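Residue numbers (the UniProt record's numbering): 1 to 204.
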């Protein structure tokens, strides 16, 4: 329930954790998916414990189950999938976010890289999202180290989409970072289709 409240807050208001209880208190509990629980009890400590539980969970299986349910419930067309990435910018040191395993789970490095917010002085993570062309519904996402180059993420993303959809015969649409010999050859030789932009620097 705590994660449900947090998700609604992210979508509607983007209030920080310390302001979550105040924000939630403005709504009737059923509107937040709560059955009798008082929203003001969802303080940052409780929501933090919910996030800890999510970190320990099998998130890949959870994501797959959510996507499969959404595809079936809303009869989503998966013939074209659109991929893009952005950087999530952080302020502060984040010295412990070094990519080493935590509690037996892999983590990512919050580190400087090619910042799409034009803040090369700040650290970041890379966030990759794939949506359906049918309704722009998120169908797959993952986070990578902040200094990861976009062009190295496409083969792994495409393979994940192939497993998720059960076929290679979908149109994969992405920007010019997809346009490398390695990426395009891999998708083509595995029966896939793609649409991309050829960069002005193309020499391959």
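Built from N, CA and C at the ideal position, the CB exists for glycine as well.
Keep in mind that this is a model prediction, so the values were computed, not measured.
Exercise. Just how far apart, CA to CA, sit residue 30 and residue 64?
Worked result: If you take the alpha carbons of residue 30 and residue 64, they lie about 27 angstroms apart.
Exercise. Using the C-alpha atoms, what's the distance from residue 118 back to residue 91?
Worked result: Rounded to the nearest angstrom, the gap between the Cα atoms of residue 91 and residue 118 is 14 angstroms.
Exercise. Count the other CB atoms within 10 Å of the CB of residue 100; is the residue buried (16 or more) or exposed (fewer)?
Worked result: Exposed, because fewer than 16 other Cβ atoms sit within 10 Å of the Cβ of residue 100.
For this session: Name the one or two DSSP bridge partners that residue 85 has.
Result: 128, per the DSSP bridge assignment.
Exercise. Roughly how many whole angstroms lie between the Cα atoms of residue 113 and residue 123?
Worked result: One C-alpha to the other measures close to 7 angstroms.
Problem set entry | Pairwise C-alpha distance: residue 79 and residue 176 | Approximately 21 angstroms, taken between the alpha carbons.
Problem set entry | Classification of residue 202 by the beta-carbon crowding that lies within 10 angstroms, buried from 16 upward | Counting Cβ neighbours within 10 Å, residue 202 comes out exposed, since fewer than 16 surround it.
Problem set entry | Start-end ranges of the alpha helix (DSSP H) lying completely within the segment 52-109, minimum 4 residues | Taken in chain order, the complete alpha helix (DSSP H) segments of 4 residues or longer contained in the segment 52-109 are 59-74.
Exercise. By DSSP, does residue 144 sit in helix, in strand, or in coil?
Worked result: Assigned with DSSP and collapsed to three states, residue 144 falls in strand.
Exercise. Among 16, 58 and 194, which residue has its Cα nearest to the Cα of residue 104?
Worked result: Selection 16, 58 and 194 evaluated against residue 104 yields 58 as nearest (Cα-Cα).
For this session: Below 8 angstroms CB to CB, which residues in the same chain sit around residue 32 once its five sequence neighbours on both sides are set aside?
Result: Exclusion of the five residues before and after residue 32 leaves 4, 5, 8, 24 and 39 as the residues of its chain whose Cβ lies within less than 8 angstroms of its Cβ.
Exercise. In its own chain, which residues sit with a C-beta less than 7 angstroms from the C-beta of residue 46, not counting the 5 before and 5 after it?
Worked result: In the same chain as residue 46, and ignoring 5 residues on each side of it, the C-beta atoms closer than 7 angstroms to its own belong to 2, in chain order.
Exercise. If you pair each beta-carbon of the segment 139-146 with each one of the segment 169-185, do three or more pairs fall below 8 angstroms?
Worked result: Taking 8 angstroms as the limit for Cβ pairs, the verdict is that the segment 169-185 does not touch the segment 139-146.
For this session: Determine the DSSP secondary structure at residue 155, reduced to helix, strand or coil.
Result: Under the three-state reduction of DSSP output, residue 155 falls in the helix class.
Problem set entry | For residue 193, three-class secondary structure by DSSP | Annotated three-state conformation of residue 193 is strand, per DSSP.
For this session: May I ask you to list the residues that DSSP assigns as paired with residue 111?
Result: Answer by DSSP bridge pairing, in chain order: 124.
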